[in-house]
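**Student:** Before we start, here is the structure in question, set down as structure tokens.
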Amino acid sequence: ADDALILHCAYMCYEGEAILLSAPSGGGKTTHATLWERYRGASVINGDKALIYKEDDKWVADGWPVCGTSGVCINRKIPIRAIVALTKETENNARRISAGEAFLKLYSEFTINSWNRAFQNHAMDLIEKLTCDVPVYHLGCDISENAVEILEKYLNDEKMGLKYY
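With positions in the sequence shown counted from 1, the corresponding number in my numbering is that position plus 4.
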């Protein structure tokens, strides 16, 4: 599809919605998704990529046949609740980030044909729309249940209408 993006992320389902954990290779995506499985009963849909597009005015993540090292790639479409840019840190912290900061953090994790200028411009427009429409968070985290708790609190507070930006 012309209006779809491919994001390098661990794509998981939590409470019927997609949470996309994005980071460069080795950034902790699969590790953090596994923590959500263990501590919150989330299910990993794809450990390496998600196809993202807008359907009926709602951004959705869809399965992708490339699994990466996780070996997990289920063909399932789910509305996106949040995108999370991960970094490894010694102290857990989360915050909602602006659309502009989200664009800068996530751009390099999208698959974009840089040799096709028209596609590149269109992809940048789509990323801009996505980061304006979907909540994006930064999560600095270690490998603990506390990292899950901190992100979960932000996600739940946002769903209840509390804003942190």
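We treat Cβ as the ideally placed atom computed from N, Cα and C, and that holds for glycine.
(1) Relative to the alpha-carbon of Y57, which residue among D7, A127 and A122 has its alpha-carbon at the smallest distance?
(2) Excluding sequence positions up to five away, which residues of its chain have a Cβ less than 7 Å from the Cβ of E19?
(3) Tell me the DSSP bridge mates of A144?
(4) Nearest to C136 by alpha carbon, out of I87, T94 and L159?
(5) To test your reading of the DSSP string, which unbroken beta strand (DSSP E) runs of 3 or more residues are found completely within the segment 26-67?
(6) From K62 to R42, what does the alpha carbon distance come to, in whole angstroms?
(7) Which whole-angstrom value is the C-beta distance of I116 and A127, which I expect to be below 8 Å?
**Tutor:** According to the structure data:
(1) Numbered from its first residue, the sequence shown carries residue 57 at position 53. It is D7.
(2) For the purposes of this step, residue 19 is identified with residue 15 of the sequence shown, where counting begins at 1. For E19, where only same-chain residues beyond five positions count, there are no Cβ hits under 7 Å.
(3) Locating residue 144 in the sequence shown gives position 140, counting from the first residue. The sequence given here places Gly at residue 144; Ala does not occur at that position. T91 and N97, per the DSSP bridge assignment.
(4) Locating residue 136 in the sequence shown gives position 132, where the first residue counts as 1. The shortest Cα separation from C136 among I87, T94 and L159 belongs to I87.
(5) 47-50, 53-59 and 62-66
(6) Here residue 62 refers to the residue found at position 58 of the sequence shown. Here residue 42 refers to the residue found at position 38 of the sequence shown. About 29 Å.
(7) Start at 1 with the first residue of the sequence shown, and residue 116 comes out as number 112. Start at 1 with the first residue of the sequence shown, and residue 127 comes out as number 123. That pair is a contact at about 5 Å.
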